[in-house]
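For reference, the structure discussed in these notes is given below.
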Amino acid sequence: KAGVTQTPRYLIKTRGQQVTLSCSPISGHRSVSWYQQTPGQGLQFLFEYFSETQRNKGNFPGRFSGRQFSNSRSEMNVSTLELGDSALYLCASSERQGTGELFFGEGSRLTVL
Amino acid sequence: GQNIDQPTEMTATEGAIVQINCTYQTSGFNGLFWYQQHAGEAPTFLSYNVLDGLEEKGRFSSFLSRSKGYSYLLLKELQMKDSASYLCAVRDETGGSYIPTFGRGTSLIVHP
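So the protein lines, in turn, are chains A and B. For the first sequence, the numbering used here begins at 7 and goes up steadily by one. For the second sequence, the numbering used here begins at 135 and goes up steadily by one.
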């Protein structure tokens, strides 16, 4: 069974631009959650989607948004990029909503210049 | 909100036993998880505790005391490949929503 796939793996943007990251969960997993990982703050929860609906949301500004499609694939978008948005963005899938047994992808490393 | 504390770094010798502690404060505790993350790789799930006591899984064990807001991850027969960051995560249930919070991780260095 294929693991969680995230694209792109690396990207460089400039301040003010926007970015879209994609995540394909493990087949059969209906929950997808997103995390931001930085050396200073560690792993921080962004949001969780289940059955195309956002179920939980972390403490991030509205510039961070996401969606989930009917095939459980998910995208997250960050608009008006700031230097502080440089981070590793991890997607995790799970069979059920709210479970702690998460299967993480390799992440998308975003650098904002 | 939540507050999770774990040591920043620990070192141990190959073949030894190491205990990584995690303390937390939460208003709606709904489970504690441990993850392992090797440098440059994705975190991988190690263990889950929701009731007090010890959960054993091979060389790894995790303990939880809800009354003390305390957990530890015990690694036995350490191997070089166990050098990694170990993340403690607490799931908080508030108003029907489940929000996981991760600690900043403990970097474990295993030396020969």
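Glycine residues also receive a C-beta, built at the ideal position from the N, C-alpha and C atoms. Nothing here was measured: the structure is a model prediction, and the numbers come from that model.
- [ ] Using a Cβ cut-off of 7 Å, pull out every chain B residue sitting near Gly104/A, in sequence order please.
- [x] Tyr232
Task: Unbroken beta strand (DSSP E) run spanning Asp139/B, endpoints - done: Asn137 to Asp139
TODO: Starting from the beta carbon of Phe51/A, find every residue of chain B whose beta carbon is closer than 9 Å, and list them in chain order.
DONE: Ile233, Pro234, Thr235 and Phe236
- [ ] Pull out every residue of the segment 200-227 of chain B whose Cβ sits closer than 7 Å to any Cβ of chain A, in chain order.
- [x] Leu221, Ala223 and Arg225
Task: Beta-carbon spacing of Gly237/B, Leu221/B below 8 Å - done: yes
- [ ] Reducing DSSP to helix, strand and coil, say where Leu242/B ends up.
- [x] strand
Open item on the list: Closest to Cys29/A by C-alpha separation, out of Thr20/A, Ser39/A, Gly22/A and Gln23/A, would be which residue?
Closed with: Ser39/A
- [ ] Would you identify the three-state DSSP class for Leu89/A, choosing helix, strand or coil?
- [x] helix
- [ ] Could you check what DSSP says for Lys215/B in three-state terms: helix, strand or coil?
- [x] helix
TODO: Please confirm whether Ser92/A and Arg69/A have their CB atoms less than 8 Å apart.
DONE: no
TODO: May I ask you to verify whether the segment 198-217 of chain B touches the segment 71-90 of chain A, counting CB pairs closer than 8 Å and requiring at least 3?
DONE: no
Task: Thr178/B classed as buried or exposed, judged by whether at least 16 other C-beta atoms fall within 10 angstroms - done: exposed
- [ ] List in chain order: all unbroken beta strand (DSSP E) runs of 3+ residues lying wholly within the segment 90-114 of chain A.
- [x] 93-100
Open item on the list: Just list the residues that DSSP pairs Asn83/A with in beta bridges.
Closed with: Thr26/A and Ser71/A
TODO: Starting from the beta carbon of Ala173/B, find every residue of chain A whose beta carbon is closer than 7 Å, and list them in chain order.
DONE: Near Ala173/B there are no residues of chain A at all, since even the closest Cβ is about 12 Å away, more than 7 Å.
Task: Residues that Leu108/A contacts on chain B, provided the C-beta gap is smaller than 7 Å - done: Phe179
- [ ] Return no unless some Cβ of chain B is closer than 8 Å to the Cβ of Asn77/A.
- [x] no
- [ ] May I ask you to list the residues that DSSP assigns as paired with Gly48/A?
- [x] Thr44/A
Open item on the list: If you follow the beta strand (DSSP E) that Lys191/B is in, where does it begin and where does it stop?
Closed with: Gly187 to Lys191
Task: Continuous beta strand (DSSP E) stretch holding Ala176/B: start and end - done: Unbroken run through Ala176/B: none, as it is neither H nor E.
TODO: Check the C-beta distance from Met82/A over to Leu52/A and give it rounded, since I have them as a contact under 8 Å.
DONE: 7 Å
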